[in-house]
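First up is the structure itself, then whatever we jot down about it.
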Amino acid sequence: MVNYIFDFDGTIADSLPAFITVFNKVVRGDDNALTDEELLKFRSMTSRQALRMAGIRWWQIPKLLISGMGDFHDLVPTMQTFKGLPAVIKKMYERGDRLYIVTSNTHENVGKFLELHGLNMYFSDISTGASLFRKSGYISRLIRKHNLKRKHTVYIGDETRDVQAARLARLKTVSVTWGFNTEEILRKQRPAYIINKPLELLDIVL
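Using numbering that gives the first Met the number 0, you'd call the opening residue of the sequence shown number 0 and step up by one each time.
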């Protein structure tokens, strides 16, 4: 049995289009929308580098998150999951693996999405509200809460900060290339695994 701790945005939910919509409204404004070229640059950077390029200061992050979550909630019904992932999650559950989520998103948004896509019954626990760069603490608390053995537990995410958070929590990381960050920048973080398709999750050996 393996314990899989999932990130949500970009890993389970294809929320990039919603993110762009909210980013343009909250950060940029309608007259300065994010271009495709800028988006590619952001995806090729670490999370900290992307924030600096966007001109977002540390003290602004909580306010921006609060401002954007309401708009993001309205977009949840438009969000899709990734091709093949629901079947993989179902297979993991049926073979006896335990599934969890640790995310910076809200419980309401995550719960609404999982219910819409018929995935809510597969997850044993969902930890929400993790700050952008303090996710490791939420991961560690979930591990303690459920008495998970680290050698049988892995964190799955799509961003460089997911690799860093899992490392601080003393977990191996599976980086997925179907989310926000590019494969190139993810490889530089040296995760234990990099996968390109959800089906590859079933072959992870700890």
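All C-beta atoms, glycine included, are put in the ideal place defined by N, C-alpha and C.
Exposed unless 16 or more other CB atoms sit within 10 angstroms - verdict on T77: exposed
Nearest-angstrom Cβ-Cβ length linking V204 and Q188, presumed shorter than 8 Å: With 8 Å as the limit, V204 and Q188 do not qualify as a contact, their Cβ atoms being about 21 Å apart.
Starting from G136, follow the alpha helix (DSSP H) in both directions and report where the run begins and ends. K134 to K144
So, helix, strand or coil for N31, using DSSP? helix
Roughly how many angstroms lie between the CA atoms of G28 and G69, to the nearest whole one? 16 Å
Going along the chain, which residues of its own chain have a beta-carbon closer than 8 Å to the beta-carbon of L84, five neighbours each way excluded? I11 and P197
For my contact list, L141 and D124 are in at a C-beta cut-off of 8 Å; report their separation, rounded to the angstrom. 6 Å
Once you ignore the five residues that flank F81 on each side, which residues in its own chain have a CB closer than 8 Å to its CB? I11, D13, W177 and P197
For N2, which three-state DSSP category applies? strand
Helix or strand or just coil, what does DSSP make of G156? strand
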